[in-house]
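Taken in order, these protein sequences are the chains called W and B. If you count the first sequence from 1, you need to add 375 to reach our numbering. If you count the second sequence from 1, you need to add 375 to reach our numbering.
There are 2 protein chains.
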Amino acid sequence: MSEFSLEDINQMHHLYRINLINSCSGYKSANLIGTKDETGTSNVAVFSSITHLGSNPGLLGFFLRPTTVIRNTYDNIKNSGKYTLNHIHDGILEDAHHTSAKYDPAISEFDATSLEEEYKDDFLAPFVKGCPIQLAMSYVEEYPIKANNTILLIGKIEKLYVPDELLEKDGFINLSKGKVATINGLDGYAVPELKKRLDYQRPKAEFVKQ
Amino acid sequence: MSEFSLEDINQMHHLYRINLINSCSGYKSANLIGTKDETGTSNVAVFSSITHLGSNPGLLGFFLRPTTVIRNTYDNIKNSGKYTLNHIHDGILEDAHHTSAKYDPAISEFDATSLEEEYKDDFLAPFVKGCPIQLAMSYVEEYPIKANNTILLIGKIEKLYVPDELLEKDGFINLSKGKVATINGLDGYAVPELKKRLDYQRPKAEFVKQ
Chain W
376 MSEFSLEDIN QMHHLYRINL INSCSGYKSA NLIGTKDETG TSNVAVFSSI
426 THLGSNPGLL GFFLRPTTVI RNTYDNIKNS GKYTLNHIHD GILEDAHHTS
476 AKYDPAISEF DATSLEEEYK DDFLAPFVKG CPIQLAMSYV EEYPIKANNT
526 ILLIGKIEKL YVPDELLEKD GFINLSKGKV ATINGLDGYA VPELKKRLDY
576 QRPKAEFVKQ
Chain B
376 MSEFSLEDIN QMHHLYRINL INSCSGYKSA NLIGTKDETG TSNVAVFSSI
426 THLGSNPGLL GFFLRPTTVI RNTYDNIKNS GKYTLNHIHD GILEDAHHTS
476 AKYDPAISEF DATSLEEEYK DDFLAPFVKG CPIQLAMSYV EEYPIKANNT
526 ILLIGKIEKL YVPDELLEKD GFINLSKGKV ATINGLDGYA VPELKKRLDY
576 QRPKAEFVKQ
């Protein structure tokens with residue numbers, strides 16, 4: 376068993392630290408965020424922090440790095456109010472991961488990779504063609520996080536596209552049927568198989584006051 | 376292909392909606408949060424929104440439901456400032472999922488399930504014995520989310536415990552070697568196999584200005 380204290384984490388080599396701490400929260404969602412800038416240049420970038428905030432209304436959040444680095448995705452969302460979420464799947468792992476490279480804002484990652492942009496229902500931001508789940512999102516609000524100068528950005532689901540074969544009768548989307556990926560740490564990818572769905576849980580009778 | 380607009384989502388049956396919207400963000404982390412109340416009663420509850428916020432300092436966040444429902448975990452963290460994160464693994468899926476049942480605050484989920492509490496290094500909050508990754512966390516700050524009355528709670532990693540066989544030379548924790556689970560929607564569990572790690576990405580030469 377290895378143990379790392381706060382002091383150990385502070386003092387370790389920064390590359391070791393980012394691998395360790397990025398891995399220690401568990402599996403992450405694997406999404407491509409599509410945006411468009413004011414000149415019409417599209418942008419697509421991998422994010423692993425998309426998190427469900429609530430279902431009514433349908434709200435999803437994600438975290439962005441400090442404002443000291445170039446953030447095409449953030450700037451485009453702030454300017455246009457629109458973005459897309461596209462699930463990374465088994466067929467595009469390398470191209471999706473490559474969108475983490477720091478391209479100049481004038482370069483579209485759609486040109487630099489085999490990822491293809493797709494436009495639907497007059498939505499401004501580009502979807503990633505072929506992704507098993509695609510979401511049209513609009514900006515709602517953001518929170519600057521004091522603890523480390525990141526930003527929590529919250530968006531509302533405007534439209535959700537999902538293939539019929541992934542959709543179960545009760546609304547459950549079977550991600551494994553779409554070969555949706557998950558991220559371990561910064562650079563590890565897995566394509567899970569659904570093991571089981573468990574029932575809604577109620578307290579066991581012997582622990583309930585009569 | 377099924378398409379759901381904002382209006383469709385607003386109008387659908389609430390059980391269909393929570394399944395659909397909880398599945399649409401991708402795979403989620405699967406953690407048990409351990410806490411202790413002022414009377415010494417321990418609590419453990421499943422959470423699927425633990426998200427990496429930053430590595431230096433090591434910060435993780437998660438979202439809690441509106442303040443209108445009983446939230447033992449939140450109350451205990453606010454009172455004591457301490458909690459643990461424990462990765463759900465293949466061997467405890469049913470018991471981990473059962474902690475979502477709404478027990479009275481006086482009942483410890485450690486009594487109502489086969490999960491065993493473990494205490495280490497004089498840390499107040501209980502760890503879940505046998506979990507492949509365990510984290511001692513301390514409360515840092517919280518943000519009330521206006522859009523849906525949830526709360527983002529942020530904590531700092533005080534100590535991280537990880538078995539040597541999961542730890543790679545560069546700090547990467549191989550979650551699949553620990554049979555760590557991931558959650559699809561509200562009730563779907565998978566235990567992924569790592570497929571590949573990809574390299575750090577730099578822009579392709581032909582897209583870089585000379």
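Virtual Cβ for every residue (Gly too), placed ideally from N, Cα, C.
Just mark Ala511/W as buried or exposed, buried being the case when its beta carbon has 16 or more other beta carbons within 10 Å.
buried
Counting only Cβ-Cβ distances shorter than 9 Å, please list the residues of the segment 559-578 of chain B near chain W, keeping chain order.
Asn559, Gly560, Leu561, Asp562, Gly563, Tyr564, Ala565, Val566, Pro567, Glu568, Leu569, Lys570, Lys571, Arg572, Leu573, Asp574, Tyr575, Gln576, Arg577, Pro578
Please tell me whether Tyr449/W has its Cβ less than 8 Å away from any Cβ of chain B.
no
DSSP puts Leu395/B in a beta bridge; with which residues?
Note: Leu395/B sits in no beta bridge, so no partner.
Going by C-alpha distance, which of Ile396/B, Phe379/B, Leu468/B is nearest Val421/B?
Leu468/B
Using a Cβ cut-off of 7 Å, which residues of the segment 494-516 of chain W contact any Cβ in chain B, in chain order?
Ile508, Leu510, Val515, Glu516
Best match in Tyr458/W, Thr426/W, Ser424/W for proximity to Tyr514/W [C-alpha to C-alpha]:
Tyr458/W
Supposed close pair Ser475/W, Lys411/W - CB separation, criterion 8 Å:
Contact flag wrong, Cβ pair sits at about 19 Å.
List the residues of chain W that Asp470/B touches, going by C-beta distances under 8 Å, in chain order.
Residues of chain W passing the Cβ test: none, with the nearest at roughly 10 Å.
Pull the bridge partners of Tyr518/B from the DSSP assignment, please.
Leu527/B
Using a Cβ-Cβ cutoff of 9 Å, what residues of the segment 520-532 of chain W are near chain B? List them in chain order.
Ile520, Lys521, Ala522, Asn523, Asn524, Thr525, Leu527, Ile529, Lys531, Ile532
Can you confirm whether Phe485/B, when its beta carbon is compared against all beta carbons of chain W, has any partner nearer than 8 Å?
no
Are Ile425/W and Gly433/B closer than 8 Å when you measure CB to CB?
no
Buried or exposed for Tyr575/B, going by 16 or more other Cβ atoms inside 10 Å?
exposed
Should Val566/B go down as buried or exposed, given a rule of 16 or more other Cβ atoms within 10 Å for buried?
buried
Note down, in chain order, each residue of its chain lying with its Cβ closer than 6 Å to the Cβ of Ser404/W, except the 5 sequence neighbours on either side.
Ile425
Identity of the residues DSSP links to Glu492/B by a beta bridge
Val503/B
Quick one: give me the first and last residue of the alpha helix (DSSP H) that Glu382/B is part of.
381-386
Of all the CB atoms in chain B, is at least one closer than 8 Å to the CB of Arg446/W?
no
Going by other Cβ atoms of all chains shown within 10 Å of its Cβ, with 16 needed for buried, is Asp497/B buried or exposed?
exposed
Contact check, Leu569/B vs Asn559/W, beta carbons under 8 Å:
yes
Among Leu561/B, Gly553/B, Ile452/B, whose alpha-carbon lies nearest the alpha-carbon of Ile396/B?
Leu561/B
Where Tyr449/W falls: helix, strand or coil (DSSP):
helix
To the nearest angstrom, how far is the alpha carbon of Glu493/B from that of Leu499/B?
10 Å
Proximity test, Cβ basis, 8 Å: Glu413/W and chain B
no
Can Asp465/B and Lys554/B be called in contact, C-beta distance under 8 Å?
yes
Could you tell me how far apart the beta carbons of Ala487/B and Lys579/W are, in whole angstroms, since I believe they sit closer than 8 Å?
6 Å
Anything in chain W within Cβ reach of Val555/B, meaning under 8 Å, just list it in chain order.
Gly401, Tyr402
Give me the Cα-Cα distance between Gly415/W and Asn394/W, rounded to the nearest whole angstrom.
35 Å
Helix, strand or coil, according to DSSP, for Ser455/B in the structure here?
helix
Tell me Thr426/B's beta-bridge partners as DSSP assigns them.
Gly436/B
At a CB-CB cut-off below 7 Å, which residues of chain B make contact with Leu542/W?
Ser377
How long is the line joining the alpha carbons of Thr448/W and Asn418/W, rounded to whole angstroms?
7 Å
If we ignore side chains and look at the alpha-carbon of each, how far apart do Ser551/W and Asn406/W end up?
15 Å
Under 8 Å by Cβ, that's how I've got Phe379/W and Leu535/B pegged, so tell me the actual separation to the nearest angstrom.
4 Å
State the DSSP-derived secondary structure class of Ser551/W, mapped to helix, strand or coil.
helix
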